[in-house]
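Worksheet for the structure shown next.
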Amino acid sequence: MSMYDVHDMTEQKNKRIRRKRIFRLVMTLIFIAVAVSVYLTHEIWLPKLRGLGKQYTTIVNDGRLAEGNFPIEINGGATYQMDCSNKTVYVLSDSSIYQYNEEGGLIHRRQHTYTNTVMNTAGGMALLYEHGGNRFSVEDRSGVLYSKELEENIMLVRLSPEGYTAVVTTSLNYECEITVFDRDGNFIYERKCVQRVDDISFTNESRGCVISYINAENGSLVTSVQEVTFTESAEKWTSPGLDTLGINVYGFNGGASVIGIDACGYVDDSGQIVSLYHYEGDFAGGDCENGKSAVIINSDETRKYVMALFDGGGKEPLIIGFNSPLVDVTVKDGLAYVMTHDAVLAYDFMGLLRSTASINDSYTGFARSGGYIFLKSFSKIDRINYES
Numbered sequence: 133m134s135m136y137d138v139h140d141m142t143e144q145k146n147k148r149i150r151r152k153r154i155f156r157l158v159m160t161l162i163f164i165a166v167a168v169s170v171y172l173t174h175e176i177w178l179p180k181l182r183g184l185g186k187q188y189t190t191i192v193n194d195g196r197l198a199e200g201n202f203p204i205e206i207n208g209g210a211t212y213q214m215d216c217s218n219k220t221v222y223v224l225s226d227s228s229i230y231q232y233n234e235e236g237g238l239i240h241r242r243q244h245t246y247t248n249t250v251m252n253t254a255g256g257m258a259l260l261y262e263h264g265g266n267r268f269s270v271e272d273r274s275g276v277l278y279s280k281e282l283e284e285n286i287m288l289v290r291l292s293p294e295g296y297t298a299v300v301t302t303s304l305n306y307e308c309e310i311t312v313f314d315r316d317g318n319f320i321y322e323r324k325c326v327q328r329v330d331d332i333s334f335t336n337e338s339r340g341c342v343i344s345y346i347n348a349e350n351g352s353l354v355t356s357v358q359e360v361t362f363t364e365s366a367e368k369w370t371s372p373g374l375d376t377l378g379i380n381v382y383g384f385n386g387g388a389s390v391i392g393i394d395a396c397g398y399v400d401d402s403g404q405i406v407s408l409y410h411y412e413g414d415f416a417g418g419d420c421e422n423g424k425s426a427v428i429i430n431s432d433e434t435r436k437y438v439m440a441l442f443d444g445g446g447k448e449p450l451i452i453g454f455n456s457p458l459v460d461v462t463v464k465d466g467l468a469y470v471m472t473h474d475a476v477l478a479y480d481f482m483g484l485l486r487s488t489a490s491i492n493d494s495y496t497g498f499a500r501s502g503g504y505i506f507l508k509s510f511s512k513i514d515r516i517n518y519e520s
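With my numbering as the guide, the letters of the sequence shown map in order to residues 133 to 520.
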């Protein structure tokens, strides 16, 4: 072998050695840089990492009843209505509406002269209307914001978080009419309807709404959904009929969720039906927030008591079974809260139990507000602390 070949091979070997050394040096420097970065930012990521181990740990609340101003005693028995909005507890009896703070302190009491009164709450406000009458009003902690007396009878009224109201009334020439008023009670929109309106949900910060209609198809009652904006006369879309008698409609992401008496479903932002779930038992309650829906179904015949969770349109429900009948349900801040006869439980929409509190069997419903659960019974309202 020539001296040239030996020299060339030696040079190539030395190059390989230098490349390996450079590679090891670069990797060492990268490792040191990453380690320094991790150390310098540990106060940011370490609490989050620790939280991963805690976020699915079930919180057991003690269920101890609040004292002081509680319980709030109610006159009028089981006919009273109770709801919470923006840390205000609204209670409606047959003759008065009461406002309480979360500590049970009375803020305001006002007598009303409505009959067959229905109450809605949103955005810290309360809406009262006469079902079958012709009057309604909107109020908050400062007093009555506005009231209206209409020419036709009221079928239903809905209140938005921005204080807008959508009023459905009877009509001489149509099945019904929709009239929308802004926060100051000014008229902004009207719609003549050839089908019976079942429910209304405001969308896009009260710039429009989704409307559910009841009609007959092939001998069965179905529910169709329509989206409208208050600046245009033509609807954006109308869905086919969902095979159920609708109870409530909720708008979200350009589409809508419908909760019905024997089924619930979703329509997308073009009005197409993307899912429909039929109950195996009797509907006992349902709620929806930002597209997340929860429905409770009781079947005494088969002794099956379930909550169905829907994490948005087009997805199959997650079914959670219970050993006893379910009483009430609400969706709040991404969790589904369900009441049995002896507990209030909170589940996330992956089906994980996040928190629980024991209660007695005298309560008929509840409302979630801040760090509390307000419990409704025949003649009083109790409160428990509830961390979830």
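Yeah, the Cβ is synthetic: ideal placement off N, Cα and C, and Gly gets one too.
Which residues DSSP lists as bridging residue i, in chain order
| i | result |
| --- | --- |
| Glu309 | Thr301, Lys324 |
| Val463 | Ala468 |
| Asn380 | Ile391 |
| Tyr495 | DSSP output for Tyr495 lists no bridge partner at all. |
| Gln404 | Its beta-bridge partners do not exist; DSSP assigns none. |
| Thr355 | Ile346, Leu374 |
| Gly453 | Val438 |
| Leu161 | Paired residue(s): none; Leu161 is not in a bridge. |
| Val476 | Met471, Ala489 |
| Arg500 | Ile505 |
| Asn430 | Asp414, Tyr437 |
| Glu421 | Lys424 |
| Gly397 | Val390, Leu408 |
| Val166 | Its beta-bridge partners do not exist; DSSP assigns none. |
| Asp331 | Ser344 |
Helix, strand or coil at residue i according to DSSP, with G and I counted as helix
| i | result |
| --- | --- |
| Met439 | strand |
| Arg80 | In the structure displayed, the chain extends from 133 to 520; residue 80 sits before or after that span and is not available. |
| Leu484 | coil |
| Ile191 | strand |
| Arg153 | helix |
| Phe415 | strand |
| Lys512 | strand |
| Thr370 | strand |
| Ser520 | coil |
| Thr363 | coil |
| Gly317 | coil |
CB of residue i within 8 Å of CB of residue j, strictly
| i | j | result |
| --- | --- | --- |
| Arg348 | Pro293 | Residue identity differs from the one stated: residue 348 is Ala in this sequence, not Arg. No, they are not a contact pair. |
| Thr220 | Arg273 | yes |
| Asn430 | Asp414 | yes |
| Val483 | Leu441 | Inspection of the sequence shows that residue 483 is occupied by Gly rather than by Val. Against a cut-off of 8 Å, the Cβ pair of Leu441 and Gly483 comes out as a contact. |
| Asn193 | Ser487 | yes |
| Gln231 | Leu224 | no |
| Leu460 | Leu197 | The sequence shown places Asp at residue 460, rather than the Leu named in the question. In this structure, Leu197 does not lie closer than 8 Å to Asp460 by Cβ. |
| Val354 | Gly373 | yes |
| Tyr306 | Val289 | no |
| Asp400 | Val463 | no |
| Val270 | Leu259 | yes |
| Cys216 | Ser501 | yes |
| Tyr518 | Tyr504 | yes |
| Ser490 | Thr472 | no |
| Asp226 | Thr211 | yes |
| Pro449 | Tyr409 | yes |
| Met287 | Thr297 | no |
Where residue i falls, given that 16 or more other Cβ within 10 Å makes a residue buried
| i | result |
| --- | --- |
| Ile204 | buried |
| Ala426 | buried |
| Leu161 | exposed |
| Ile343 | buried |
| Leu157 | exposed |
| Asp465 | exposed |
| Val166 | exposed |
| Val476 | buried |
| Ser335 | For clarity, residue 335 is Thr in the given sequence; the question names Ser instead. The residue is buried, with at least 16 neighbouring Cβ atoms inside 10 Å. |
| Lys424 | buried |
| Leu467 | buried |
| Gln358 | buried |
| Ser389 | buried |
| Asp316 | exposed |
| Ile154 | exposed |
| Ser520 | buried |
| Glu309 | buried |
| Val326 | exposed |
| Arg323 | buried |
| Ser106 | Summary: the structure shown does not reach residue 106, with the chain confined to residues 133 through 520, and so no result is reported for it. |
| Asp493 | exposed |
Which runs of the beta strand (DSSP E) spanning at least 3 residues fall entirely within the region 231–310, listed in chain order? For the region 231–310, whole beta strand (DSSP E) runs of length 3 or above, ordered along the chain, are 238–243, 249–254, 257–262, 267–272, 275–281, 286–291, 297–301.
Contiguous beta strand (DSSP E) assignments of at least 3 residues, all confined to the region 198–228: 213–217, 220–224
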